[in-house]
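Asker: Each residue of the sequence shown is one higher than the one before, starting from 124 at the first, in the working numbering.
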Amino acid sequence: MTLTAEKQLEMLRSMQTIRRFEERASDDYREGAIYGVVHCYIGEEAVAVGVCAALNKDDQIISTHRGHGHCIAKGADLKRMMAELYGRETGYCKGKGGSMHIADFSIGMLGANGIVAGGIPIVTGAGLAAQLEGKGRVAVSFFGDGASNAGPFHESINIAATWKLPMLYVCENNLYAAGTAAADTLALGDVAARAAGYGIPGVVVDGNDVLAVYKAAEAAVARARAGEGPTLIECKTYRWRTHTERPGQTDPRPQDEIEAWQQKDPIKRLADNLMAQGLLSEEGWQKMDGEILAAIEQAVKFAEDSPFPDLEAALEDVFAE
Ligand SMILES: Cc1ncc(C[n+]2csc(CCOP(=O)(O)OP(=O)(O)O)c2C)c(N)n1
Ligand SMILES: [Mg+2]
Numbered sequence: 124m125t126l127t128a129e130k131q132l133e134m135l136r137s138m139q140t141i142r143r144f145e146e147r148a149s150d151d152y153r154e155g156a157i158y159g160v161v162h163c164y165i166g167e168e169a170v171a172v173g174v175c176a177a178l179n180k181d182d183q184i185i186s187t188h189r190g191h192g193h194c195i196a197k198g199a200d201l202k203r204m205m206a207e208l209y210g211r212e213t214g215y216c217k218g219k220g221g222s223m224h225i226a227d228f229s230i231g232m233l234g235a236n237g238i239v240a241g242g243i244p245i246v247t248g249a250g251l252a253a254q255l256e257g258k259g260r261v262a263v264s265f266f267g268d269g270a271s272n273a274g275p276f277h278e279s280i281n282i283a284a285t286w287k288l289p290m291l292y293v294c295e296n297n298l299y300a301a302g303t304a305a306a307d308t309l310a311l312g313d314v315a316a317r318a319a320g321y322g323i324p325g326v327v328v329d330g331n332d333v334l335a336v337y338k339a340a341e342a343a344v345a346r347a348r349a350g351e352g353p354t355l356i357e358c359k360t361y362r363w364r365t366h367t368e369r370p371g372q373t374d375p376r377p378q379d380e381i382e383a384w385q386q387k388d389p390i391k392r393l394a395d396n397l398m399a400q401g402l403l404s405e406e407g408w409q410k411m412d413g414e415i416l417a418a419i420e421q422a423v424k425f426a427e428d429s430p431f432p433d434l435e436a437a438l439e440d441v442f443a444e
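1. Would you mind working out which of N272, P389, D440 sits nearest V333, comparing C-alpha positions?
2. Indicate whether the contact test is met: 3 or more Cβ pairs, each with one atom in the region 137–152 and one in the region 302–313, closer than 8 angstroms.
3. In its own chain, which residues sit with a C-beta less than 8 angstroms from the C-beta of F442, not counting the 5 before and 5 after it?
4. Could you pull out every residue in the same chain whose Cβ sits closer than 8 angstroms to the Cβ of W363, ignoring the five residues on either side in sequence?
5. Mapping the DSSP letters down to three states, classify C294 as helix, strand or coil.
6. Per DSSP, which one or two residues make a beta bridge with I185?
7. Short of 6 angstroms in beta carbon distance, which residues of its chain neighbour A196, apart from the five on each side in sequence? Order them along the chain.
8. For E86, which option in H193, A199, E212 has the closest C-alpha, if you only look at C-alpha atoms?
9. Mark Q400 as exposed unless 16 or more other C-beta atoms lie within 10 angstroms of its C-beta, in which case mark it buried.
10. So which residues put a beta carbon under 7 angstroms from any heavy atom of ligand 1, going in chain order?
11. If you measure between the beta carbons of N331 and K258, is that distance less than 8 angstroms?
12. Since A249 contacts A240 with CB under 8 angstroms, what's their CB separation in whole angstroms?
13. With a cut-off of 8 angstroms, do at least 3 Cβ pairs link the region 400–409 to the region 151–161?
14. Compute the distance between the beta-carbons of G267 and E295, then report whether it is under 8 angstroms.
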């Protein structure tokens with residue numbers, strides 16, 4: 124299906140919102156205003172946005188430790204996200220979860236997850252629920268190349284393939300799991316090749332091309348809704364920043380590799396493409412960016428103006444003792 128200009132502009136806005144949100148979160152983290160750990164998705168925005176653009180609001184997704192992009196792409200509220208990062212009572216988890224635990228069931232965002240591969244079985248359960256309910260909903264698991272080597276990935280994809288669950292398994296192959304190169308842990312060059320072992324389609328997509336990601340997701344969603352089962356989509360991409368935002372950490376990745384991937388900026392690529400077609404002007408792009416920055420400024424102000432949770436609240440919402 125050809126995407127309308129309006130939809131492509133929406134996708135551009137969503138990708139730029141992720142980038143600007145994280146640039147601000149990173150700055151504020153380094154200044155000590157944000158607690159816990161922050162992992163940035165910058166450089167990988169086209170994956171979350173391309174996939175989520177092919178979903179309905181009631182379709183469900185699960186995220187990873189690098190979760191801001193998935194939240195924003197699924198339509199999460201920037202104010203409640205920023206308040207959560209700031210540890211404030213108005214945040215998505217009342218300020219008690221931080222960056223790696225943002226969830227919003229009302230938009231089908233089942234949560235980020237600090238356990239590598241931990242979200243995959245959970246969202247496979249959501250896929251089973253979707254199948255049992257029979258309303259045509261699909262469930263999407265986002266995970267990294269590192270997670271694709273963990274047991275929960277294999278166990279989940281096996282049962283989803285066998286039971287033909289309406290699912291998308293979206294691997295964000297950014298070539299590294301923290302400091303470990305995928306080439307050192309992946310016997311096959313492509314994670315997508317593993318799909319053959321489970322009897323489902325596996326596709327490799329340029330994860331920095333949001334339109335290509337959308338197209339692959341759209342086909343997989345159609346297959347899932349038709350009752351034909353899951354698809355494994357591997358998006359080749361790259362994170363621009365260090366594994367976490369903690370200052371001073373070593374980054375084993377070669378500088379020229381980082382720079383080469385920055386040349387493949389997914390946001391610039393879509394913006395240039397829209398400009399070449401006359402669907403976006405330089406002024407229009409500046410205006411959009413200005414609106415995004417203003418929304419993020421408001422989100423920060425909302426967070427700063429919100430109280431920290433009461434000390435007694437530490438024992439509320441706790442499900443294990
Ligand atoms: C079960 C588990 N093991 C180890 C870690 C520490 N850890 C956090 S992120 C990460 C790397 C994950 O790599 P990948 O799945 O490729 O995701 P990426 O960070 O590249 O997005 C590791 C090892 C963890 N959080 N959970
Ligand atoms: Mg990775």
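Even glycine gets a Cβ: it sits at the ideal position worked out from N, Cα and C. Nothing here was measured: the structure is a model prediction, and the numbers come from that model.
Answerer: Let's see:
1. Here the closest residue by C-alpha is P389.
2. These segments do not touch.
3. Nothing meets the Cβ criterion.
4. If we look at W363 and ignore the five residues flanking it on each side, its Cβ neighbours are C163, I165, G166, I381, W384, Q385.
5. Three-state result, C294: strand.
6. According to DSSP, which records beta bridges pairwise, I185 is partnered with S264.
7. Around A196: S137, A171, V172, C175.
8. This structure cannot settle anything about residue 86, because the visible part of the chain is limited to 124 through 444.
9. Answer is exposed; the Cβ neighbour count stays below 16.
10. The filter returns H162, T187, H188, R189, G237, I238, V239, A240, G241, F266, G267, D268, G269, A270, A273, E295, N297, Y299, A300, A301, R362, H366, in chain order.
11. The Cβ-Cβ distance between N331 and K258 does not fall below 8 angstroms.
12. Not confirmed; about 16 angstroms, so no contact.
13. Too few Cβ pairs lie closer than 8 angstroms, so no.
14. Yes, Cβ-Cβ distance for G267 and E295 is below 8 angstroms.
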